[in-house]
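Chains as they are written, first to last, in this note's numbering: chain W, 31 to 541; chain H, 407 to 725.
The C-beta atom is built at its ideal place from N, Cα and C for all residues, glycine as well.
In what follows, a single structure is set out as structure tokens and then discussed.
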């Protein structure tokens, strides 16, 4: 068994050099170099959107790089599809592995390669023999005839890995294999990965759970915004250097202009969330936001950041706890999205294209997707008001567009994000929930969006901002709640902390 | 390049149907001397009116990225119930009101199956009601047509007003109402939003489930309206009426530029789609082309229309 640190001294199996990949105006990879040798286990980490998936899609032939080279066993290669890469010996096992749950374990192991006799009759004995061989190679024993779907997510991963190795994979890419696994399954998986590597297969292991990779991986590579921010032996990586590579904690927060509205402590908070609980995802979360306050929500991927915002907005049901919006003497309870909108809460979700916009529709339709009251009269649309509202938004938020009737899919990411902001920055909105408000937008748009949020706070809105970009939270927010495993781990003042400290709290490594 | 393909696709989806209809009319006028006469054109409109009304309901549902397979059966069921009520001595207006309400109720049931029982796809829920409604129609009618409708009903729904057949007037009224509903009201706009991006619509505060219920209820009531027109024309209630009619209605909406992906489709386009089908049938009849070939031609037109939609989608994804 190969222990961490004992990498066989040979030329790299796969060497990626200066790979660039752009999607439209967005740069997913801005010149990434990475190499891996036979029998080596490399851990790959990075926030959502850092470029991990794009990089792995390039390695496995699903995408072609715009520039840069791939060398496989010392020879430059150009994969023209996943079939090419897979023929060369590169296999990828996804989070939800490519198995057929309704077929047996044995059938899955020989999927697409059922041994046949003459006239196309399946040779089941041979199939079973091959399946058994594939399993025993990794020291696994599983009920061959049982439906794979009935055996739990851990077994599905193992079968997918056994199949890839048996088909001659020399580089195995595991895409967050443990994110849906219980602890004992994860340990079993680690043993198998070690065994695979000991047999000479290189492994790229993508995971957010860095700590569980320590005893397993030789090297850690961290991506951030499409660049490698860390590439070194895992043993020498400290928590602080890891977190700053992940989240850009080393950057100086730009500006410190916090909101000017002073909060009188005795006044009731505008947004008052108490004891919010949702199965095992949210545990007794209490947060509040005052008028004119910019409050941050920090936490690692999967900590419950987005879940919290969705639950406050009524888009996910809470099992216990209350959400109230106080305004002067009146106070409204929020249980559903309709309640939230009626109480003046707006939400800008994380995934613009999937959750926010109708990309084929116009700017006007998207800005007024939640219809402002002045645009409706007894169920009839006042179409001129809708166009006016969009025109006003374009001017006020400086959306670079031809006009209200331009389709949003022709806009850049930053301008699309402003369209989403414009939907809720309007008369009647009191609380704004924002999930990753500047993901995938360029630097200029990011600064403009920050200014829009500060202006909104100055006008008396209360803002709750969830973000994986810690310098963003630090420069923007008055207070920051740190969420860990669905609960509030700490509450800190923006001015009194730094990214490293936040991340230590978020990961539970703070003293 | 992609941009060009895509805007070309969008333009085809928008103006292709109108161009197709115009070409068809010109070609048929040249091919047959009997085609371009007032009498024949009114005849086509009258024959197309039932499919046109059904297509309107289908359009609402297709805009939400759904489908309604049950409208043909709802037509049959309401047709039988209407005939039974009329023969039983109900006032024609009351009987028609009952037929519309029944259509609405069955349509609402479709919606509730989808939004409350959360059946995985409207294909399933409406396939279920399609069979239930047809079975109910056959049970109520005892498997045979119900004839002898009162003359007052026949003259009101089967005749003409100032030379224009009543079915055409009814269909025209439904089209005008549907156009305003879809383009000028909050409910219509919400249907487009739901079909365009259901999750975005939900997070914008649109009551997605209520709107879906409304779309299916309206689709059912359009089937009820079509049943009234049919009863006036046939002078009877026929339990097998409308068998397969849902497919012609889907074809009309799709040929008229509605997208199965949801969020796209217009009342004007659907009218053109229904007319293309009507003119094709009529013209091919005049030219003495067999009914079998007519099916082949209409099938090809449907595939062409969907291909245009797919091209547009590919363009949108590539951009």
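Query - Per DSSP, the bridge partner or partners of residue 50 of chain W - result: According to DSSP, residue 50 of chain W bridges with W:60, W:97.
Query raised in the report: What three-state label does DSSP hand residue 362 of chain W in the structure shown?
Result: Residue state, collapsed to three classes: strand.
Requested in this report: Check residue 437 of chain W in the structure and name its three-state DSSP category.
Outcome: DSSP places residue 437 of chain W in strand when its eight states are reduced to three.
Query raised in the report: From W:223, W:373, W:309, W:447, pick the residue whose C-alpha is nearest to that of residue 69 of chain W; which is it?
Result: Considering only alpha carbons, the answer is W:223.
Query - Below-8 Å beta-carbon distance, residue 714 of chain H vs any chain W residue - result: Chain W contact via Cβ: absent.
Requested in this report: Could you pull out every residue in the same chain whose Cβ sits closer than 8 Å to the Cβ of residue 305 of chain W, ignoring the five residues on either side in sequence?
Outcome: Excluding sequence neighbours, residue 305 of chain W sits near 314, 315, 316, 350, 351, 352.
Report task. Would you check if the distance between the CB atom of residue 555 of chain H and the CB atom of residue 493 of chain H is smaller than 8 Å? Result -> Inclusion of residue 555 of chain H and residue 493 of chain H in the CB contact set at 8 Å is warranted, their separation being smaller than that value.
Report task. Using a Cβ-Cβ cut-off of 8 Å, state whether residue 758 of chain H counts as contacting chain W. Result -> Nothing in the structure corresponds to residue 758 of chain H, since chain H is present only between 407 and 725.
Query raised in the report: Mind checking if residue 453 of chain W is an interface residue toward chain H, Cβ cutoff 8 Å exclusive?
Result: Closer than 8 Å to the CB of residue 453 of chain W there is at least one CB belonging to chain H.
Report task. Flag this pair as yes or no: are the beta carbons of residue 368 of chain W and residue 613 of chain H separated by less than 8 Å? Result -> Yes; because the gap between Cβ atoms is below 8 Å, this pair is in contact.
Query raised in the report: Distance, Cα to Cα, residue 115 of chain W vs residue 438 of chain W?
Result: Their backbone Cα atoms lie some 36 Å apart in a straight line.
Query raised in the report: By the 10 Å Cβ neighbour count, where 16 or more other Cβ atoms means buried, how is residue 699 of chain H classified, buried or exposed?
Result: Under this definition residue 699 of chain H is an exposed residue.
**Report entry** Assumed close pair residue 339 of chain W, residue 463 of chain W - CB separation to whole angstroms, cut-off 8 Å
**Finding:** Taking the Cβ atoms as the reference, residue 339 of chain W lies roughly 5 Å from residue 463 of chain W, within the contact range of under 8 Å.
Query raised in the report: Helix, strand or coil: which one does DSSP assign to residue 571 of chain H?
Result: Note: residue 571 of chain H maps to strand in three-state DSSP.
Requested in this report: Kindly indicate which residue of W:144, W:109, W:104 has the alpha-carbon position closest to the one of residue 87 of chain W.
Outcome: Residue W:109 is the option with its Cα nearest to residue 87 of chain W.
Query raised in the report: Since residue 186 of chain W meets chain H, which of its residues come closer than 8 Å, beta carbon to beta carbon?
Result: Proximity of chain H to residue 186 of chain W at the Cβ level (cut-off 8 Å) is not reached, the minimal Cβ distance being about 22 Å.
Query raised in the report: What number of angstroms, rounded off, separates the C-alpha of residue 680 of chain H from the C-alpha of residue 398 of chain W?
Result: Cα to Cα, the separation comes out at about 33 Å.
Query raised in the report: Mind pulling the beta strand (DSSP E) runs of 3 or more residues that sit fully within the segment 88-167 of chain W?
Result: Correct list: 97-102, 105-107, 120-123.
Report task. Assign residue 457 of chain W to one of three DSSP states: helix, strand, or coil. Result -> Collapsing the DSSP output to three states places residue 457 of chain W in coil.
Query raised in the report: Any idea if residue 701 of chain H is buried or exposed, counting beta-carbon neighbours within 10 angstroms, 16 or more meaning buried?
Result: The residue in question, residue 701 of chain H, is exposed, as its Cβ has fewer than 16 Cβ neighbours within 10 Å.
Query raised in the report: Grouping DSSP H, G and I as helix and E and B as strand, with all else coil, what is residue 177 of chain W?
Result: DSSP places residue 177 of chain W in strand when its eight states are reduced to three.
Query raised in the report: Taking C-beta to C-beta, are residue 599 of chain H and residue 517 of chain H nearer than 8 Å?
Result: The criterion of a C-beta distance shorter than 8 Å is not satisfied by residue 599 of chain H and residue 517 of chain H.
Query raised in the report: Is it a yes or a no for the segment 457-464 of chain H touching the segment 587-605 of chain H, going by three-plus beta-carbon pairs under 8 Å?
Result: Result no; under three Cβ-Cβ pairs closer than 8 Å.
**Report entry** Under 7 Å from the C-beta of residue 605 of chain H: neighbouring residues of chain W
**Finding:** Those within 7 Å of residue 605 of chain H in chain W are 384, 385.
**Report entry** Which of helix, strand or coil DSSP assigns to residue 485 of chain W
**Finding:** Here residue 485 of chain W sits in helix by DSSP.
Query raised in the report: Terminal residues of the continuous alpha helix (DSSP H) containing residue 429 of chain W?
Result: Here residue 429 of chain W belongs to no alpha helix (DSSP H), and DSSP marks it neither H nor E.
Query raised in the report: From residue 142 of chain W to residue 48 of chain W, what does the alpha carbon distance come to, in whole angstroms?
Result: Roughly 35 Å between the two C-alpha positions.
**Report entry** Residues from the segment 391-421 of chain W in contact with chain H, defined by Cβ distance under 8 Å
**Finding:** For the segment 391-421 of chain W, the residues whose beta carbon sits under 8 Å from a beta carbon of chain H are, in order, 391, 395, 399, 400, 401, 406, 409, 410, 411, 413.
Query raised in the report: Between residue 345 of chain W and chain H, is there a C-beta pair that is closer than 8 Å?
Result: Closer than 8 Å: yes.
Requested in this report: State the start and end residues of the unbroken alpha helix (DSSP H) segment that holds residue 664 of chain H.
Outcome: Careful: residue 664 of chain H lies outside any alpha helix (DSSP H) and carries neither H nor E.
Query raised in the report: To which residues of the same chain is residue 366 of chain W closer than 8 Å at the C-beta, ignoring the five residues directly before and after it?
Result: Correct list, in chain order: 344.
Requested in this report: Step through the CB atoms of chain W and report whether any lies within less than 8 Å of the CB of residue 613 of chain H.
Outcome: Residue 613 of chain H counts as touching chain W.
**Report entry** Under 8 Å between C-beta atoms of residue 530 of chain W and residue 266 of chain W
**Finding:** It is not a contact, given that the beta carbons lie outside the stated cut-off.
Query raised in the report: Under a CB-based cut-off of 8 Å, is residue 672 of chain H close to chain W?
Result: Using beta-carbon distances, residue 672 of chain H does not count as an interface residue toward chain W, since no partner is under 8 Å.
**Report entry** residue 593 of chain H (DSSP reduced to helix, strand or coil)
**Finding:** Residue state, collapsed to three classes: helix.
Query raised in the report: Are the segment 630-645 of chain H and the segment 477-488 of chain H touching, with three or more C-beta to C-beta distances below 8 Å?
Result: In short, these stretches touch, since the Cβ pair count reaches three.
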